[in-house]
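Student: My questions will all concern the structure given below.
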Amino acid sequence: EKGTYPHYMLKEIDEQPLVMRKIIQKYQDDNGELTIDQEIVEAMNDADRIYIIAAGTSYHAGLVGKQFIEKIAKIPVEVHISSEFGYNIPLLSEKPLFIFISQSGETADSRAVLVNVKEMGHKALTITNVPGSTLSREADYTLLLHAGPEIAVASTKAYTAQIAVLSILAEVTAKSRGLELNFNLVQELGIVANAMEVLCDAKEDFEDIARKFLSTTRNAFFIGRGIDYYVGLEGALKLKEISYIQAEGFAGGELKHGTIALIENGTPIIALATQESVNLSIRGNVKEVVARGANPCIISMKGLETEEDSFIIPEVNELLTPLISVIPLQLISYFAALHRECDVDKPRNLAKSVTVE
Ligand code: F6R
């Protein structure tokens, strides 16, 4: 039920702090330590390479998950779009583990790959919001998102839940391998939940940003570097699917290799700046587009901000920034769609779960 909310999407965006806390609780043991089924941890440790397979928003969560698993657990990861992997299987490593990420657990493109890799004799883990879903039943192992039903077609809380579960999977695996971690994930995710609340309380700011940057535009670009680039891809998908504004996410450094030709007077550029190591270079990219007339909306993180920024998100662990930097993008898309009188919860041409290949 959406209760007093005008749309499920807004309700589901607002549920994200709660979902974070639920996930922490569901994945904690009696001593407060994060824990995951031993057989899943063993499957992670047996693998010489992990293949993440997903579509759409879940694919974008997979891109972030790769960073966690490689940086925290030190296992190499490839991320593939299900429909591409299906007919163009890459050269696999000797001991692959497949991770399927799917909110619904019913996406036909992902299922086709799962059937295929099971036939090849490989192990598969499904990360899904729906217990008993097809992808869950057909995989060897399942990790649940505990996000509660997601009704709006545009995925929001499932994306952040997928990222949180992937961070826990990476952390628990790292610990089992005796790797030293310089942060306490339970604490860090708690900080994330609080920061999410701050952002959900700032709706008016995001409505203003949507009005200022997106009310009449034909197109919009999202730029970022590293993990911010991946969040930009998700921001662009959210915006196009519900507001029908043509939107693309780009790696900051790629602009000059072609995309910058599209910049005209007033073209909105939404830039994410949450990573200290690339703060200067992404701001350099913003200058390049501003010099060509772009209208920049910079969303930075506390500690990295400058006076030109449109919004500053609270500080969280730099690996976990996607969990909070996506919320402004979700809300900006929501308000842009609202201002354009689009059907927010049921965008044209889309279904909640895509059960055809
Ligand atoms: C975007 C969206 C889709 C899904 C994609 C995969 O907001 O909802 O891109 O993410 O169809 O769906 P699942 O995760 O159910 O496999």
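Going by the UniProt record's numbering, the letters in the sequence shown line up with residues 244 to 600, in that order.
For glycine and all other residues, C-beta sits at the position ideal for the given N, C-alpha and C.
As the structure is a prediction and not an experimental result, all values here were calculated from the model.
So if DSSP puts C443 in a beta bridge, which residue, or which two residues, is it bridged to?
Tutor: Indexing the sequence shown from 1 puts residue 443 at position 200. Bridge partners of C443: none, in fact.
Student: Quick one: residues in its chain with C-beta nearer than 7 Å to the C-beta of I266, no 5 flanking neighbours on either side, listed in chain order?
Tutor: By one-based count along the sequence shown, residue 266 stands at place 23. Cβ neighbours of I266 beyond the five flanking positions: H389, A404, A407, V408.
Student: Note down, one range per segment and in chain order, each alpha helix (DSSP H) of at least 4 residues found wholly within the UniProt domain "SIS" (283 to 422).
Tutor: 299 to 315, 325 to 328, 351 to 362, 377 to 381, 400 to 419
Student: Compute the beta-carbon to beta-carbon distance between S353 and F343, rounded to the nearest angstrom, for a pair I have assumed lies under 8 Å.
Tutor: The sequence position of residue 353 within the sequence shown is 110, counting from 1. The sequence position of residue 343 within the sequence shown is 100, counting from 1. That pair is a contact at about 5 Å.
Student: Just the Cα atoms here: how many angstroms apart are T371 and C585?
Tutor: For the purposes of this step, residue 371 is identified with residue 128 of the sequence shown, where counting begins at 1. For the purposes of this step, residue 585 is identified with residue 342 of the sequence shown, where counting begins at 1. The alpha-carbon atoms of T371 and C585 are separated by roughly 28 Å.
Student: Just tell me which of S345, I296, P511, K314 has its CA closest to the CA of L422.
Tutor: As a first step, residue 422 is located in the sequence shown; it is residue number 179 there, counting from the start. Cα-wise, what sits closest to L422 is K314.
Student: For the alpha helix (DSSP H) that S576 lies in, which residues bound it at each end?
Tutor: As a working note, residue 576 is residue 333 in the sequence shown. DSSP places S576 in the uninterrupted alpha helix (DSSP H) bounded by 564 to 582.
Student: Mind listing which residues have their beta carbon within less than 7 Å of any non-hydrogen atom of ligand 1? Chain order is fine.
Tutor: A297, A298, G299, T300, S301, I344, S345, Q346, S347, G348, E349, T350, S353, V396, A397, S398, A401, L480, K481, E484, S596, V597
Student: Tell me which residue opens and which closes the alpha helix (DSSP H) that E491 is part of.
Tutor: Working through the sequence shown from its first residue, we reach residue 491 at position 248. First-last for E491: 489 to 494, but that is the beta strand (DSSP E), not the alpha helix (DSSP H).
Student: Determine the burial state of H500: buried for a count of at least 16 other Cβ atoms within 10 Å of its Cβ, exposed for fewer.
Tutor: As a position in the sequence shown, residue 500 is number 257, starting the count at 1. The residue is exposed, with fewer than 16 neighbouring Cβ atoms inside 10 Å.
Student: From Q281, N592, T564, M252, pick the residue whose C-alpha is nearest to that of E431; which is it?
Tutor: Here residue 431 corresponds to residue number 188 of the sequence shown, with the count starting at 1. It is T564 whose Cα lies nearest to the Cα of E431.
Student: Could you tell me how far apart the beta carbons of I513 and A397 are, in whole angstroms, since I believe they sit closer than 8 Å?
Tutor: Along the sequence shown, one-based indexing puts residue 513 at 270. Along the sequence shown, one-based indexing puts residue 397 at 154. Their Cβ separation, rounded to whole angstroms, is 17 Å, which puts I513 and A397 out of contact at 8 Å.
Student: According to the Cβ coordinates, are S553 and I542 closer than 9 Å?
Tutor: Taking the first residue of the sequence shown as 1, we reach residue 553 at position 310. Taking the first residue of the sequence shown as 1, we reach residue 542 at position 299. Yes, the Cβ-Cβ distance between S553 and I542 is below 9 Å.
Student: Mind the definition here: the region 277 to 286 touches the region 373 to 381 only if three or more C-beta pairs lie below 8 Å; say whether that holds.
Tutor: no
Student: Let me check understanding here. Comparing Cα to Cα, which of R420, Y294, A516 lies closest to D471?
Tutor: As a position in the sequence shown, residue 471 is number 228, starting the count at 1. Selected option, being the one with the closest Cα: A516.
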